[in-house]
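Here the structure comes first, spelled out in structure tokens, and everything after it is commentary.
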Amino acid sequence: MVTNEALKQVLTVYNDASSVSMWLDTVFGQNIGNALNEGVVNMMAGQGSAQDIVKGVETAAAKG
Numbered sequence: 005m006v007t008n009e010a011l012k013q014v015l016t017v018y019n020d021a022s023s024v025s026m027w028l029d030t031v032f033g034q035n036i037g038n039a040l041n042e043g044v045v046n047m048m049a050g051q052g053s054a055q056d057i058v059k060g061v062e063t064a065a066a067k068g
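In my numbering, the protein residues as written are 5 to 68.
Encoded structure:
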């Protein structure tokens with residue numbers, strides 16, 4: 005049971021939402037999320053590729 009007033013408000017909005025989005029960097033945890041975010045930033049800056057993102061995520065996943 006939720007007793008915190010702020011969380012009650014969040015829960016009300018969540019329950020009334022027509023949809024909810026999950027972010028991959030959050031779903032997969034901090035190690036993988038950080039690697040994913042860093043890879044995307046590098047690619048957008050012209051300093052990486054899609055394959056670099058995959059390599060970074062695979063390396064992070066292997067670490068746990």
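For glycine and all other residues, C-beta sits at the position ideal for the given N, C-alpha and C.
Checklist line | From A49, V24, G43, A64, residue whose alpha carbon lies closest to that of Q55 | finding: Taking the first residue of the sequence shown as position 1, residue 55 is located at position 51. Minimum Cα-Cα distance from Q55 among the listed residues A49, V24, G43, A64 corresponds to G43.
Check: Can you name the start and end residues of the alpha helix (DSSP H) that T63 belongs to?
Finding: For the purposes of this step, residue 63 is identified with residue 59 of the sequence shown, where counting begins at 1. First-last of the alpha helix (DSSP H) with T63: 54-67.
Check: Roughly how many whole angstroms lie between the Cα atoms of V75 and S22?
Finding: Residue 75 lies beyond the stretch modelled for the chain, which goes from 5 to 68, so this question has no answer here.
Margin query: Could you tell me the alpha carbon to alpha carbon distance between G37 and Q13, rounded to whole angstroms?
Written below: Looking up residue 37 in the sequence shown gives position 33. Looking up residue 13 in the sequence shown gives position 9. Going from the Cα of G37 to the Cα of Q13 covers about 28 Å.
Next item on the list: Under the assumption that L40 contacts L28 (Cβ atoms under 8 Å), give the Cβ distance between them as a whole number of angstroms.
Entry: Taking the sequence shown and counting its residues from 1, one reaches residue 40 at position 36. Taking the sequence shown and counting its residues from 1, one reaches residue 28 at position 24. With 8 Å as the limit, L40 and L28 qualify as a contact, their Cβ atoms being about 6 Å apart.
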